[in-house]
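In what follows, a structure is listed as structure tokens, so that the remarks can point back to it.
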Amino acid sequence: MRDSRQAKDEFPVPAGLQALLRLANADGAFLQTLIEKREAAADAAGVRLTRSERTVLRSVPAGTLAGMARAMPPAPPARLPFLRRTAATAVLLLGGAALADAGVACKRAEETRPAADAPAGHSGEASPATGTVADAALAPDGEGAVDTEGGDADQETVPGPEDADGVARDPDIAAPVAALDGGASLFGVSGITRPEVSVTATLGGIAPDRRSSTQTQREFEVALDALQVDGPLDPGVVRRLLAQRRSRFLYCAEKVRGAGEDPVGRVTVSFRVDLDGRVARSAVTENSTSSGGLPSCLSPHIDGMVLPQADAPTEVRVDLVYRRSESGS
3 MRDSRQAKDE
13 FPVPAGLQAL
23 LRLANADGAF
33 LQTLIEKREA
43 AADAAGVRLT
53 RSERTVLRSV
63 PAGTLAGMAR
73 AMPPAPPARL
83 PFLRRTAATA
93 VLLLGGAALA
103 DAGVACKRAE
113 ETRPAADAPA
123 GHSGEASPAT
133 GTVADAALAP
143 DGEGAVDTEG
153 GDADQETVPG
163 PEDADGVARD
173 PDIAAPVAAL
183 DGGASLFGVS
193 GITRPEVSVT
203 ATLGGIAPDR
213 RSSTQTQREF
223 EVALDALQVD
233 GPLDPGVVRR
243 LLAQRRSRFL
253 YCAEKVRGAG
263 EDPVGRVTVS
273 FRVDLDGRVA
283 RSAVTENSTS
293 SGGLPSCLSP
303 HIDGMVLPQA
313 DAPTEVRVDL
323 VYRRSESGS
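Quick look at the structure:
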């Protein structure tokens, strides 16, 4: 028997998206509806998604989304009737055509299931046998629905700027798909790109979100200049992990600019990485910009980094060079 942590490692998808993929795996009509209507399908099924999960759902190509659903581990037989009922209800709510025999199949599955296997109730906890999230994540409002609208910890502490329509452009929106950087595949299915990359293809017949193309139009740019690594960590790995935080560093520039400060210039950041890969302390040792608020904004983004474990501490020093972008000038 494998525990829930092992299952999570093998299927590294946020809980809300897992719930949708399980429904799509159990019901072909819901899969087609999910490909065509995305967020509307999630709402109809009673699955609450974080901002980052909604962005990922909008960005995944139709073929990739179908492959992800097929790659889901099969649900236990005792849970299939519930999943199929939920999926069929969502399809009907959205005006789609449910499978003609869906109700018959669900009824037959319930009648043939031994009484001893009947679930006592949906606890909302992960199943120790399968490591999957219980049915509470799929329940509609008022019936044990899991509210994941708060997002990740980083998203709670560092809100991003907003578009004109009030939708937050969170700088940490790429966190759930950090493992996909550079076009890496998920469950052997490739084609998912980082959310900050402009989506130009039509996704399942739905026009791309207009905010995806505006996220790259920033007033400033930031470059990782001189990097010094004293310790066992690979400098290439350190540089790559720092580069993944570029959107956060740019967020700090936009934040201090909004406060009337100019972030253009060079900032030198030094930090120590402990044996467990976590940053023990960080400090801005040099600041050639005229912004006094930039160092305090950068510190939590450096302190929150997690690097590979090593047999000795590592001291890191990196120069961040801020300049005005051509599109923003």
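When the letters of the sequence shown are read in order and numbered with my numbering, they come out as residues 3 to 331. Virtual Cβ for every residue (Gly too), placed ideally from N, Cα, C.
query: Nearest by alpha-carbon distance to E223: which of P310, V323, I304, T91 is it?; result: V323
query: Could you check the C-alpha separation between R53 and A42 for me, to the nearest Å?; result: 14 Å
query: Count the other CB atoms within 10 Å of the CB of R81; is the residue buried (16 or more) or exposed (fewer)?; result: buried
query: Taking the alpha carbon of L67 as the point to measure from, which residue in V93, A26, G48 has its own alpha carbon closest?; result: A26
query: When you compare only the Cα positions, how much space is there between R72 and R250?; result: 34 Å
query: Name, in chain order, the residues that DSSP records as bridge partners for R280.; result: V308
query: Since D321 is in the beta strand (DSSP E), which residue starts that stretch and which ends it?; result: 316–326
query: Taking just the CA atoms, how far does S301 sit from E328?; result: 27 Å
query: Determine the extent of the alpha helix (DSSP H) in which V258 is found, giving its start and end residues.; result: 248–260
query: The beta strand (DSSP E) spanning L229 covers which residue range?; result: 222–232
query: Hey, could you find the ends of the alpha helix (DSSP H) R57 is sitting in?; result: Correcting the residue type first, residue 57 is Thr in the shown sequence and not Arg. From DSSP, the alpha helix (DSSP H) with T57 extends over 53–61.
query: Give every residue of the same chain whose Cβ lies closer than 6 Å to the Cβ of S272, excluding the five residues on either side of it in the sequence, and list them in chain order.; result: A285, T287, R319
query: Return yes when the Cβ of A44 is within less than 8 Å of the Cβ of A89, no when it is not.; result: no
query: Is the beta carbon of S292 sitting closer than 8 Å to the one on R268?; result: no
query: For A285, write down the residues that DSSP places opposite it in a beta bridge.; result: S272
query: Which one or two residues does DSSP pair with G238 in a beta bridge?; result: None; G238 has no bridge partner.
query: Which residue from V15, R248, A314, R325 puts its Cα closest to that of H303?; result: R248
query: Our contact map puts P297 next to L235 with C-beta atoms below 8 Å; I'd like the distance itself, whole angstroms only.; result: Rounded, the Cβ-Cβ distance is 23 Å, inconsistent with contact.
query: Once the 5 residues before and after G295 are set aside, which same chain residues still bring their CB inside 7 Å of it?; result: V258, A261, E263
query: Under three-state DSSP, which class holds T134?; result: Its pLDDT being 43, under 50, T134 is placed unreliably by the model, and nothing is read from it.
query: Can you give the Cα-Cα distance for I37 and A64, rounded to whole angstroms?; result: 6 Å
query: Where does Q20 sit, in a helix, a strand or coil, going by DSSP?; result: helix
query: Any idea what DSSP makes of G294, helix, strand or coil?; result: coil
query: Quick one: what does DSSP say G97 is sitting in, helix, strand or coil?; result: coil
query: May I ask you to list the residues that DSSP assigns as paired with G267?; result: Y324
query: Can you give me the C-alpha to C-alpha distance between E256 and A225, rounded to a whole angstrom?; result: 15 Å
query: Measuring only the C-alpha atoms, how far is R60 from A314?; result: 42 Å
query: Quick one: what's got a C-beta closer than 6 Å to T270's C-beta in the same chain, skipping five residues either side?; result: T287, E288, D321
query: Helix, strand or coil, according to DSSP, for D45 in the structure here?; result: helix
query: Using the three-state DSSP reduction, which class does A71 fall into: helix, strand or coil?; result: helix
query: Within 10 angstroms of the Cβ of R283, are there 16 or more other Cβ atoms? Answer buried if so, exposed if not.; result: exposed
query: Output needed for R241: all residues of its chain with C-beta closer than 7 Å, excluding positions within five of it in sequence on either side, in chain order.; result: L226, L229
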